[in-house]
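What follows is a set of notes on a single structure, which appears directly below.
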Amino acid sequence: MTDSLFLGVVGGNGSGKTTLCKYFESKGFTRISLSSVVRNHVKALGLKEERDTLISHANSLKATHGLDYFARRCLNRVQEQGLNKVVFDSIRHHLELEFLKSAGVKMIGIEVPIELRYERIQSRKNQTDDVTFEQFLAQDKKESDGQSSGQNLSETYTACDFFIRNDSDLLNLETQANNLLKQFKLEHS
12 MTDSLFLGVV
22 GGNGSGKTTL
32 CKYFESKGFT
42 RISLSSVVRN
52 HVKALGLKEE
62 RDTLISHANS
72 LKATHGLDYF
82 ARRCLNRVQE
92 QGLNKVVFDS
102 IRHHLELEFL
112 KSAGVKMIGI
122 EVPIELRYER
132 IQSRKNQTDD
142 VTFEQFLAQD
152 KKESDGQSSG
162 QNLSETYTAC
172 DFFIRNDSDL
182 LNLETQANNL
192 LKQFKLEHS
């Protein structure tokens with residue numbers, strides 16, 4: 012379809028992925044989170060959605076079904092529902108990114124200093140955010156450098172097509188996102 016546009020968002024914990032996705036939702040996109048696959052799995056097992064539990068089960072699912080499993084499940088959902096404006100959230104491995112890129116998804120990386128990301132997770136107070144700065148650093152390192160077999164954010168991030176620096180306010184983030192949408196619209200004209 013010529014009017015379809017698929018976007019993907021890559022960034023570390025607290026980088027503003029969900030905030031960016033919500034902005035795209037306000038522009039008519041449907042948000043599909045790859046992490047919903049593992050969250051639903053953990054809920055079905057009756058476990059708490061703690062970050063280490065989610066990572067452990069995500070790694071197990073990916074070891075069983077392949078490192079692009081979450082991306083395949085989510086893209087199938089998009090195709091089954093016939094969606095044509097989608098933003099994919101929580102892309103954490105380069106094989107997920109490559110699979111989605113092969114389906115025409117444009118990838119956006121979000122860059123934010125780690126100290127600011129920690130401040131943000133402490134402010135939002137999600138169930139997975141109750142960690143010390145040292146725990147946050149250890150989790151970030153594990154997710155970034157491939158120590159967690161189902162995640163390699165550093166490699167994934169560098170393969171993005173476009174980048175946004177989210178170290179200012181919401182208006183700045185939305186302005187950058189809007190500029191990208193204008194660019195994508197010109198590409199489709």
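Here the working numbering runs 11 ahead of the position in the sequence shown, where the first position is 1.
Where is the CB? At the ideal position from N, CA and C, for every residue including glycine.
Everything numeric in this text was worked out from a predicted model, so none of it was measured.
1. How close, in whole Å, do the beta carbons of Gly19 and Val116 come, if the pair is a contact with beta carbons under 8 Å?
2. Alpha carbons only, please: which of Lys96, Ser134 and Glu130 is nearest the one belonging to Phe195?
3. Pull up the distance between the alpha-carbon of Gly93 and that of Ile102, whole angstroms please.
4. In three-state DSSP terms, what is Ile119?
5. Looking at the structure shown, is Val142 part of a helix, part of a strand, or coil, going by DSSP?
6. Leaving aside the five residues before and after Leu65 along the sequence, list all residues of the same chain whose C-beta is less than 8 Å from its C-beta, in chain order.
7. Out of curiosity, what's the CA-to-CA distance linking Phe40 and Asn87?
8. With H, G and I counted as helix, E and B as strand and the rest as coil, what does DSSP make of Phe174?
9. For a quick check, are the C-beta atoms of Phe176 and Gly23 less than 8 Å apart?
10. Where does Thr13 land, buried or exposed, given buried means 16+ other C-beta within 10 angstroms?
11. Do Thr167 and His105 count as a contact pair if the criterion is CB distance below 8 Å?
12. Under the rule that 16 or more other beta-carbon atoms within 10 Å means buried, what is His155, buried or exposed?
13. Indicate whether Asp151 and Ile119 have their beta-carbon atoms separated by less than 8 Å.
Taking the definition as stated:
1. Position 8 of the sequence shown holds residue 19. Position 105 of the sequence shown holds residue 116. The Cβ separation is near 5 Å, so the contact holds.
2. By 1-based counting over the sequence shown, the position of residue 195 is 184. Out of Lys96, Ser134 and Glu130, Lys96 has the C-alpha closest to the C-alpha of Phe195.
3. Stepping through the sequence shown from its first residue, residue 93 is reached at position 82. Stepping through the sequence shown from its first residue, residue 102 is reached at position 91. Looking at the two C-alpha atoms, the distance is approximately 21 Å.
4. Here the question's residue 119 lines up with position 108 in the sequence shown. In the structure shown, Ile119 sits in a strand (DSSP, three-state: E or B).
5. Indexing the sequence shown from 1 puts residue 142 at position 131. Here Val142 sits in coil by DSSP.
6. Against the sequence shown, residue 65 aligns to sequence position 54. Answer for Leu65: Ser46, Val49, Arg50, Val53 and Thr139, listed in chain order.
7. Within the sequence shown, the letter at position 29 stands for residue 40. Within the sequence shown, the letter at position 76 stands for residue 87. Each residue's Cα considered, the two are about 17 Å apart.
8. Mapped onto the sequence shown, residue 174 falls at position 163. It is a strand residue.
9. As a working note, residue 176 is residue 165 in the sequence shown. As a working note, residue 23 is residue 12 in the sequence shown. The amino acid occupying residue 176 in the given sequence is Arg; Phe does not appear at that position. Against a cut-off of 8 Å, the Cβ pair of Gly23 and Arg176 comes out as no contact.
10. Counting from 1 along the sequence shown, the entry for residue 13 is found at position 2. Only weak support is given to the placement of Thr13: the predicted model assigns it a pLDDT of 49, under 50, and the value that follows is read from those uncertain coordinates. Exposed: under 16 other Cβ atoms inside 10 Å.
11. Numbered from its first residue, the sequence shown carries residue 105 at position 94. Numbered from its first residue, the sequence shown carries residue 167 at position 156. Their beta carbons are under 8 Å apart, which means His105 touches Thr167 by this criterion.
12. The count along the sequence shown starts at 1 and reaches residue 155 at position 144. In the sequence as presented, His is not what sits at residue 155; that position holds Ser. Buried, because 16 or more other Cβ atoms sit within 10 Å of the Cβ of Ser155.
13. Residue numbering aside, residue 151 sits at position 140 when the sequence shown is read from its first letter. Residue numbering aside, residue 119 sits at position 108 when the sequence shown is read from its first letter. Not in contact: Asp151 and Ile119 (Cβ atoms no closer than 8 Å).
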